[in-house]
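Trainee: Starting off with a structure, shown below.
Residue numbers (UniProt numbering): 1 to 327.
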């Protein structure tokens, strides 16, 4: 090998080594954005990994959790894509509801290809909640009231018409022969606001999910008329909650939760986070933390997750067309 070629090979080797070091470097100021008010599912998702990444020694200090409510994820999505696209330390929480909104174009000019989908860390299930002293004891009780007068029951949901929470009650209404457009909704910003409005008597029914609801179920302030899972959930505090299916409404609605990064985050930073989440999702300790937060197993990262997200958005577009939400 001639001397110039040796120099070139050495330089290339140094670049590869430097790239390896960059990929292994911990983000300096890690942050998790929960795109809603405190207390809901996005908050829960951020705080789950905030604890877990430190416990597993994947981060030396906890991520900051910040809140960016608006449009059930739209404000955060647009802010990260347009203003912080290359920030390798910023994760943003997403859920199945985010994908449903993307399918309907509710995130503005940016679509599902605008970010780097990083990880899915667990799943919850949609649920219909009422106060503990509500006259509605079953899903049929609620449906009878809606059939009698669809506008007489005030339903709180995260987001406006077409949102995930709206879709859950729309599917019930459709199954019961009720026009979903006649239901009376109050648009709220996530599960925390739904619980506050329900317990404060501002709404009569909350279309939410089971993980947001369990603290209030366990305190005795709230009941669930139904959970949208295939079968009853195999957890001691959940086993007595009936499914919609067993009550005659064939509706299943998983609520997958995870994280994305900005579109211009470097491959090295993305690889660091993917490796961290791959290790985290394989950990028994993480499984315990996930279980404590009433989430069920759903682990997916990187290209596999990107494929899943794109398929889900396509499926949600079909569903949205069925309800006349998009052309």
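The beta carbon of each residue, even a glycine, is placed where N, CA and C say it ideally should be.
Could you have a look at residue 259 and say whether DSSP puts it in helix, strand or coil?
Mentor: Locating residue 259 in the chain shown gives position 259, where the first residue counts as 1. Of the three classes helix, strand and coil, the one that applies to residue 259 here is strand, per DSSP.
Trainee: Is it buried or exposed, residue 243, if we count other Cβ atoms within 10 angstroms and call 16 or more buried?
Mentor: The residue given as residue 243 occupies position 243 in the chain shown. Buried, because 16 or more other Cβ atoms sit within 10 Å of the Cβ of residue 243.
Trainee: Closest to residue 91 by C-alpha separation, out of 48, 126 and 296, would be which residue?
Mentor: Numbered from its first residue, the chain shown carries residue 91 at position 91. Comparing Cα positions, the closest option is 48.
Trainee: At what residues does the beta strand (DSSP E) containing residue 213 begin and finish?
Mentor: Looking up residue 213 in the chain shown gives position 213. Where residue 213 is concerned, there is no enclosing beta strand (DSSP E), although the alpha helix (DSSP H) it sits in stretches over 210–218.
Trainee: Pick out the complete beta strand (DSSP E) segments inside the region 244–320, 3 residues or longer, and give them in chain order.
Mentor: Runs found: 254–261.
Trainee: Could you give the C-beta distance for residue 228 and residue 253, rounded to a whole number, given that I count them as a contact under 8 Å?
Mentor: Residue 228 sits at position 228 when you count from the first residue of the chain shown. Residue 253 sits at position 253 when you count from the first residue of the chain shown. Contact flag correct, Cβ pair sits at about 4 Å.
Trainee: Who are the Cβ neighbours of residue 153 in its own chain at under 8 Å, not counting the five residues just before and after it?
Mentor: As a position in the chain shown, residue 153 is number 153, starting the count at 1. Contacts found: 142, 145, 146, 183, 184, 204 and 205.
Trainee: Residues in its own chain within less than 8 Å of residue 230 by CB, not counting five upstream and five downstream?
Mentor: Working through the chain shown from its first residue, we reach residue 230 at position 230. Taken in chain order, the residues that qualify are 243, 245 and 252.
Trainee: In chain order, what residues of the same chain lie with their CB nearer than 6 Å to the CB of residue 195, ignoring the 5 residues before and after it?
Mentor: The residue labelled residue 195 in the question sits at position 195 within the chain shown. Same-chain partners within the cutoff: 216.
Trainee: In terms of alpha-carbon separation, which member of 275, 320, 315 and 306 lies closest to residue 25?
Mentor: Counting from 1 along the chain shown, the entry for residue 25 is found at position 25. When only C-alpha atoms are compared, the closest one is 275.
Trainee: Taking the alpha-carbon positions, what's the residue 226 to residue 133 distance?
Mentor: Indexing the chain shown from 1 puts residue 226 at position 226. Indexing the chain shown from 1 puts residue 133 at position 133. Each residue's alpha carbon lies about 16 Å from the other.
Trainee: Are there three or more Cβ pairs, one per stretch, closer than 8 Å when the region 254–268 is compared with the region 106–116?
Mentor: These segments touch.
Trainee: Is it true that the CB of residue 241 sits closer than 7 Å to the CB of residue 218?
Mentor: Along the chain shown, read from residue 1 onward, the residue named residue 218 stands at position 218. Along the chain shown, read from residue 1 onward, the residue named residue 241 stands at position 241. No, the Cβ-Cβ distance between residue 218 and residue 241 is not below 7 Å.
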